[in-house]
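J.: Residue numbers (this note's numbering), protein chains in the order written: chain Z, 2 to 375; chain C, 7 to 428.
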């Protein structure tokens, strides 16, 4: 009996690792094929990317992009754990960043308070925008998938309207870009010189991203509310039977997800751009979905995935200089996502089948043993 | 009021009761004439004649076609029980493949066909992931959007960059698609439109805008709507396909090969979205550009929901959203403002209708909304164009929130199905 159990455990560990590895190998093979078809050298592509990753500057970039990706992934994952699909992280963080930038640029407060007020604005706006989808779902039964997609576009339109010299924006000196009034030094978060030899600093708010990750882990694994949330995600009926108010949980999960989404743009806003301009990074919400999927909604898994994504993005930029289209990286990323989810699904099915086999084997042996003495 | 007898209170007269679901086309027609009348009235009040000008309608049809094709794609897929968020990704594939095909063979029709194939490949991938491997349908859709974006941008950089007149993010000009000859038959309509007679001129303008210079592909796209209706609702094939979206277990027990139908449906869904993308590249812009779809796949999804998962309804939704899109692109700030008045009148009519039907709360709610809209209209001079950008999306949210009890999506839509389970 014990022998079976330990072997089963080993199997589980192997399977858990096998899925993402298999998926990455499959994606690499497919991407290599695409490169070969396009007449580019796969080995050169890899060597260019690896070389790029060796530079301190690229390493800083990887950490910085990973910080944003990670926050976005956590926001998505909070929904995922409850079977809620928050596609709206994209709109939530952009709208939150715009308002936070406007507030941060307008007020003048002592340093820690200034940062706090800006972050609070972002969290509230993010939660509010996600809250619309939550209320629609709870009161009217509107699918959060559809409503958050629509809210993304509404956010885009609202931002385009608000980011105007008549409203929240001022012209950016020396360009025809426009942005919000820059946040004064008291509201900025200084960077950290984590990697020597790089002129760019790592976002100070990387600390915030780590804290959010730890908080996420503790919330889901160690609190009553987190348990209820996971339970509702696993089986709504079971959760209802044990006294969970599902509507309240939907509202809560969506608000939390939106609140974290509000933070996504903050490391960039308070650490580098200090203003929300037309060129503020967009599309981070969708990256977050991909990373949450690859990281299996686990705090550590998503961190690894975010760093990997950051590596692909930052190192991919070096490809264009070598006359290899850097878009190959997006193909690789898309293939990885699809391959990973397929691999996890196959592993899940395999596990269920294996479990059934094990149980039926044990059932077959037990009665036989009992029958002998009779 | 009686349900029999003639209704003579005008084109916006109550539509047949919601129980009779077979009257899609009649509702659409009534809606069209009702809208036209309202718009004509608004034109008279505001003196802005661009609301139903032939130019506006022409642009609206052009904008509606890709949205409608994506919506049709969504319909095929969701009727077979597979939610397709990846419409946008398949449409993106359609833009590049369509442009490439048109250039390679120097023929817009082959281009459209290649675009269809490109989109169908995306659909096939979605089918493999969701039907065979049972991956979450939303997840697969998101992955396909990512993949579609990557593949087209890569191919564009790899192929179009070296062509004369092309670049890394855009193709050279494409061969033009022919238009449907009207042989001067529509010219009298133009004269009639210029006469500025209430309603008559507007109708003439609509017809003139609709038929003059209509691309051949537009006609194909429009015909695909009744064709889809016929296939899905009037053939055994369509019945079986829809049964997979309603109750796959029951369908399987009657000998329907659910996997097969889902595969076919999702692939066709991709093909239609691909055609929408090809239309964008070949007819609308005459060029491939990165990011050309600009979320039209999602608007297609919205149009399908707006149309209650029915062909006529989604055609109406696509027309409405296309109209808004065209107005935004033509940049008539005053016209948009006038549209607010039309919206207020529409809401008021709706309120009266709901009152007739005996639902007080809905009547009061839309009455208040009508007054509110009117007050906004009266107190402002212009409406920001950015608001038109998300008008389709906010309309969809409102429809979902207000009329969710009238909407009926396929019963098993979005649920994974595995043979022998459940």
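We treat Cβ as the ideally placed atom computed from N, Cα and C, and that holds for glycine.
Per DSSP, residue 1/Z forms a beta bridge with which residues?
T.: A question about residue 1/Z goes unanswered here, because the residues of chain Z that appear run from 2 up to 375.
J.: DSSP on residue 221/C, reduced to helix/strand/coil?
T.: strand
J.: Apply the 10 Å Cβ neighbour rule to residue 58/C and answer buried if 16 or more other Cβ atoms are within range, or exposed otherwise.
T.: The residue in question, residue 58/C, is buried, as its Cβ has 16 or more Cβ neighbours within 10 Å.
J.: So residue 171/Z is in the beta strand (DSSP E); what residue range does that whole segment cover?
T.: Here the beta strand (DSSP E) through residue 171/Z covers 170 to 172.
J.: Can you have a look at residue 351/C and say buried or exposed, based on whether 16 or more other CB atoms are within 10 angstroms of its CB?
T.: buried
J.: From 27/Z, 344/Z, 60/Z, 54/Z, pick the residue whose C-alpha is nearest to that of residue 197/Z; which is it?
T.: For the residues 27/Z, 344/Z, 60/Z, 54/Z, the minimum Cα distance to residue 197/Z belongs to 60/Z.
J.: Give the range of the beta strand (DSSP E) segment to which residue 288/C is assigned.
T.: No beta strand (DSSP E) holds residue 288/C; DSSP gives it neither H nor E.
J.: Interface residues of chain C around residue 334/Z at Cβ under 8 Å?
T.: Residues of chain C whose Cβ lies closer than 8 Å to the Cβ of residue 334/Z are, in chain order, 152, 156.
J.: Give me the residue from 356/C, 82/C, 391/C with the minimum Cα distance to residue 44/C.
T.: 356/C
J.: Apply the 10 Å Cβ neighbour rule to residue 324/Z and answer buried if 16 or more other Cβ atoms are within range, or exposed otherwise.
T.: exposed
J.: Leaving aside the five residues before and after residue 260/C along the sequence, list all residues of the same chain whose C-beta is less than 8 Å from its C-beta, in chain order.
T.: 249
J.: Provide the residue span of the beta strand (DSSP E) that contains residue 180/Z, from first to last.
T.: Its beta strand (DSSP E) spans residues 179 to 181.
J.: Return the chain-ordered ranges of every beta strand (DSSP E) run that is complete within the stretch 50 to 131 of chain C and spans a minimum of 3 residues.
T.: none
J.: Which residue's Cα is closest to the Cα of residue 316/C: 237/C, 149/C, 132/C?
T.: Out of 237/C, 149/C, 132/C, the CA that lies nearest to the CA of residue 316/C is found in 237/C.
J.: Could you give the DSSP three-state label for residue 295/C: helix, strand or coil?
T.: Residue state, collapsed to three classes: strand.
J.: At a Cβ threshold of 9 Å, is residue 114/C touching chain Z?
T.: no
J.: Residues of chain Z with CB closer than 8 Å to the CB of residue 410/C, please, in chain order.
T.: What residue 410/C touches in chain Z: 141, 142, 143.
J.: Within the stretch 299 to 384 of chain C, note down every full alpha helix (DSSP H) run reaching 4 residues or more, in order along the chain.
T.: 302 to 312, 317 to 336, 339 to 362
J.: Distance, Cα to Cα, residue 26/C vs residue 42/C?
T.: Annotation note: pLDDT 44 at residue 26/C (below 50); position unreliable, no value reported.
J.: Against chain Z, which members of the stretch 379 to 411 of chain C pass a CB distance test of less than 7 Å?
T.: 390, 392, 393, 395, 396, 399, 400, 402, 403, 406, 407, 410
J.: When Cβ atoms are compared, which residues of the stretch 159 to 185 of chain C fall closer than 9 Å to chain Z?
T.: Cβ contacts with chain Z come from 159, 160, 161, 162, 163, 164, 165, 167, 174.
J.: Within 8 Å, do at least three Cβ pairs link the stretch 320 to 330 of chain C to the stretch 109 to 128 of chain C?
T.: no
J.: Residues of chain Z with CB under 8 Å from residue 146/C, in chain order?
T.: 339, 342
J.: Would you identify the three-state DSSP class for residue 158/C, choosing helix, strand or coil?
T.: helix
J.: Can you list the residues of chain C that residue 264/Z reaches, using a CB-CB cut of under 9 Å?
T.: Those within 9 Å of residue 264/Z in chain C number zero; the least Cβ separation is about 22 Å.
J.: With a 10 Å radius around its C-beta and 16 neighbouring C-beta atoms as the bar for buried, classify residue 417/C as buried or exposed.
T.: exposed
J.: For residue 141/C, which residues in chain Z fall below 9 Å Cβ to Cβ?
T.: Chain Z residues near residue 141/C: 339, 342, 343, 345, 346.
J.: Kindly list the residues whose CB is nearer than 6 Å to the CB of residue 62/Z, restricted to its own chain and excluding five residues on each side of it in sequence; keep chain order.
T.: 315
J.: Taking Cβ positions only, does residue 308/C come closer than 9 Å to chain Z?
T.: Closer than 9 Å: yes.
J.: Taking residue 85/C as the reference, which of 119/C, 287/C, 245/C, 130/C has the closest Cα?
T.: 245/C
J.: Spatial neighbours of residue 256/C within its chain, please: CB distance less than 6 Å, with the 5 preceding and 5 following residues excluded, ordered by chain position.
T.: none
J.: Measuring CB to CB, does residue 78/Z end up less than 9 Å from residue 296/Z?
T.: yes
J.: Quick one, are the C-beta atoms of residue 182/Z and residue 103/Z less than 9 Å apart?
T.: yes
J.: How would you call residue 356/Z, buried or exposed, if buried means at least 16 neighbouring beta carbons within 10 angstroms?
T.: exposed
J.: Chain C beta carbons: is any one of them nearer than 9 Å to that of residue 96/Z?
T.: no
J.: For residue 221/C versus residue 122/C, is the C-beta distance shorter than 9 Å?
T.: 9 Å or more divides the Cβ of residue 221/C from the Cβ of residue 122/C.
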